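S.K.: The following block contains the structure, expressed as structure tokens.
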DNA sequence: AGCACGCCGACT
DNA sequence: GTCGGCGTGCTC
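In UniProt numbering, the protein residues as written are 1 to 715.
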């Protein structure tokens, strides 16, 4: 008997959506089996998609090669995993192979049978070392963590929830405790057969994994043993990733904690998915298959639940945020998601009061307006901490010559290089091109070249000067520190800086939005945002939503410790410097009224037929010249004539991206819009082969690459 | 992605 | 006359 397995392989050229290669095999191979197959002169990893016993019509049987072998000892990937991959491949218009193989740890390709056997043995040993039978009752793990009324109600509602849950909880309302309790319940549920139940917890950024990991380990390792919690993110070494992946796949790991890539982890016993900070744009991949891990999580939970329905079980999904995405908020409005609100902060700490500084009435050129400076000084004298946000790294965004008008442009990008004073460099934040700062103007030789505008480096320097006369309670001058991508680049430096902040060594922390996220600073009572205006009038229609989320998140850093606040007598404050204090966004921010903000934003979206009321995709093209990039897009638009639903689709004119050239590649895009998501899907599927063909059009000579971005975050 | 094949400039 | 540049095209 001979079989003709169709196999997914990871070659881009075979990435026609749904494309597989057929091989020959003496054995029946279960779909999902990991195999090694010959491809060209190489031997590559593949995943069996199907295993018919007759060769497909279009296969030249003489050309077909034999499957080399299966990866021994590895259980096949299950049917739900394969369906998740198929869905992601179709929805995001990328090859099956690309999606599937990107989801597997790269090391898996290099493992030979002996290595694999060793690893599996090690896993088995670990598993037997786990406490079981007379383990501590898992309830005991929760003692010492009392629930608020709101948390208890949310947990009760989770028990019976039949739809995805949108956990709308203020910063500090104790969402994490709800995740922990829900996790315990999911893991304790007895599953039929030999299945160990599992939980997937996703966070938007690598930076946020260590602290959440610590909480999950502390809570669950005493019950389920060491190795019950594993992480999965791009910051891990290949060996670590492989170990985590195998643990998840074989059921040894009960909890997988990771960034967006973790959505593709093989977890046969999945019973709960948590997507923390579900609104965060990091969940949308910006290269390769541009998937939304949050949206795939909702789909995955549905797949698992459908499969479990016969056993009266389900896979729950919790989307948590203090400022949910408008997509999720809308779904809850429609009743497709169950909204659970936890508005109160644990310990009753009040949310900070909003203080707007009208920059129209401040001294010209003031970095920090006098009233804000005075408020900061007062806090420092009381031994409290301040957080100052500025969304610009470096010393100054551009260096300019006052004589001839030269500016520090990047030779490879249509952007300025940023002046970094500490190492005296000009750095392009887009392509990384770095040079020493020139002594004189490269164009006219003038020595008078000066920084224009302000970044975090300069702000740190200026704040230190402005507060030089202020004294801490111990009589010492205030300590100003900075935290951004530049100061945390080295491994471990983030932890060091957070420790310094927690121990009270730092009085004022200056930084980019990095400092607004997640970290639990106890003594911060004042948060200031300096350049919010740039987002108020941005062309990007999602800018207000991101600004609101950032400011709410930043505000959430202040006054978290009610006991500490009690000793201080003063309320915490959120200061914002703006030229537009009348902007309606601030009115809703003042009352921390996210529902009002969301309602107003959704009304605007509806009247413009924007998402979530309409569907969008982008066709993007990179080429050596802007003309070639646009020519490709225009040909693609012409060739779309007659495709399914073409009449319901709007193709907008091709335009250059706002940063037109990056690393000497010209970039252009075309917006694709449709009122109906499914019609857009059918159109894109039909367009795919046309796009492949347009690649070789003579006008598009110089095209480097093209890609479709479904549900883009920025347009 | 790799890795071949293929057609034009500077070397033993 | 060969070595080698990387443009184009294929891998069951």
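Beta carbons: idealized from backbone N, C-alpha and C, even for Gly. Small disclaimer: the values here were computed from a predicted structure and weren't measured.
(1) Which runs of the alpha helix (DSSP H) fall wholly inside the segment 593-623 and span at least 4 residues, in chain order?
(2) For residue 413, which residues does DSSP report across the bridge?
(3) Quick one: give me the first and last residue of the beta strand (DSSP E) that residue 6 is part of.
(4) Look up residue 106 in the DSSP assignment and say whether it is helix, strand or coil.
(5) Per DSSP, what kind of secondary structure is residue 18 in: helix, strand or coil?
(6) Tell me, to the nearest whole angstrom, how far the beta carbon of residue 419 is from that of residue 396; I am working on the premise that it is less than 8 Å.
(7) For my contact list, residue 437 and residue 454 are in at a C-beta cut-off of 8 Å; report their separation, rounded to the angstrom.
(8) Quick one: is residue 579 buried, meaning 16 or more other Cβ sit within 10 Å of its Cβ, or exposed?
(9) Less than 6 Å between C-beta atoms, sequence neighbours within five positions excluded: which residues of the same chain meet that for residue 318?
(10) Between which residues of its own chain and residue 618 is the CB-CB distance below 8 Å, once the five residues before and five after are set aside?
(11) Name the one or two DSSP bridge partners that residue 68 has.
(12) Could you check the C-alpha separation between residue 331 and residue 70 for me, to the nearest Å?
(13) Between the Cα of residue 336 and the Cα atoms of 255, 588, 161, 101, which residue gives the shortest distance?
(14) Helix, strand or coil, according to DSSP, for residue 687 in the structure here?
(15) With a threshold of 6 Å on Cβ separation, who are the neighbours of residue 402 within its own chain once the five nearest residues in sequence on each side are excluded?
(16) Excluding sequence positions up to five away, which residues of its chain have a Cβ less than 6 Å from the Cβ of residue 376?
(17) What alpha helix (DSSP H) runs, 4 residues minimum, are completely inside the segment 219-256?
(18) Would you tell me roughly how many angstroms separate the C-alpha atoms of residue 656 and residue 391, rounded to the nearest one?
(19) Assuming residue 506 and residue 479 are in contact, meaning their beta carbons sit under 8 Å apart, how far apart are those beta carbons, in whole angstroms?
(20) Thinking C-alpha only, which one of 218, 434, 88, 644 is nearest residue 292?
(21) Answer with buried or exposed for residue 235, where buried requires no fewer than 16 other C-beta atoms within 10 angstroms of its C-beta.
(22) Could you give the distance in angstroms between the alpha-carbon of residue 556 and the alpha-carbon of residue 461?
(23) Pull up the CB-CB distance for residue 228 and residue 260, whole angstroms please, since I reckon it's below 8 Å.
(24) Within 10 angstroms of the Cβ of residue 110, are there 16 or more other Cβ atoms? Answer buried if so, exposed if not.
(25) Are three or more beta carbon pairs between the segment 673-689 and the segment 2-9 nearer than 8 Å?
(26) Quick check for students: name the residue ranges of the alpha helix (DSSP H) that lie wholly in the segment 26-86, counting only runs of 4 or more.
(27) Just grab the DSSP bridge partners of residue 650 for me.
(28) Below 8 Å on the Cβ atoms is my contact criterion, and I expect residue 398 with residue 414 to pass it. Report the Cβ-Cβ distance as a whole number of Å.
(29) With a CB to CB cut of under 6 Å and the five nearest residues on each side skipped, what residues in its chain are close to residue 249?
(30) Is DSSP giving residue 90 helix, strand or coil here?
(31) Using alpha carbons as the reference points, say which of 192, 191, 201 lies closest to residue 177.
(32) Just mark residue 489 as buried or exposed, buried being the case when its beta carbon has 16 or more other beta carbons within 10 Å.
(33) Hey, would you say residue 662 sits closer than 7 Å to residue 704, going by beta carbons?
(34) Under the three-state reduction of DSSP, which class applies to residue 537: helix, strand or coil?
(35) Could you check the C-alpha separation between residue 55 and residue 43 for me, to the nearest Å?
(36) In angstroms with no decimal places, state the Cα-to-Cα distance between residue 132 and residue 163.
M.R.: Reading it off the structure:
(1) 594-607
(2) Answer is none; residue 413 lacks a bridge partner.
(3) 6-9
(4) helix
(5) Residue state, collapsed to three classes: coil.
(6) 5 Å
(7) Their Cβ separation, rounded to whole angstroms, is 17 Å, which puts residue 437 and residue 454 out of contact at 8 Å.
(8) exposed
(9) 165, 167, 274
(10) If we look at residue 618 and ignore the five residues flanking it on each side, its Cβ neighbours are 669, 670, 671, 672, 708, 709, 712, 715.
(11) The partner list for residue 68 (beta bridge, DSSP) is empty, contrary to what the question assumes.
(12) 43 Å
(13) 161
(14) helix
(15) 448
(16) 386
(17) 238-250
(18) 24 Å
(19) 5 Å
(20) Ranking 218, 434, 88, 644 by CA distance to the CA of residue 292 puts 88 first.
(21) exposed
(22) 26 Å
(23) Between residue 228 and residue 260 a beta carbon distance of about 22 Å is seen, past the 8 Å cut, so the two are scored as non-contacting.
(24) exposed
(25) Segments in contact, no.
(26) Runs of the alpha helix (DSSP H) inside the segment 26-86: none found.
(27) For residue 650, the pairing in a beta bridge is given by DSSP as 673.
(28) At roughly 13 Å, the Cβ-Cβ gap does not stay under 8 Å, so residue 398 and residue 414 are not in contact.
(29) 266
(30) helix
(31) 201
(32) With fewer than 16 other Cβ atoms within 10 Å, it is exposed.
(33) no
(34) coil
(35) Between residue 55 and residue 43, the C-alpha separation is close to 22 Å.
(36) In this predicted model, residue 132 has a pLDDT of only 49, less than 50, meaning its place in the structure is not dependable; the value taken from the coordinates is given anyway. Cα to Cα, residue 132 sits roughly 33 Å from residue 163.
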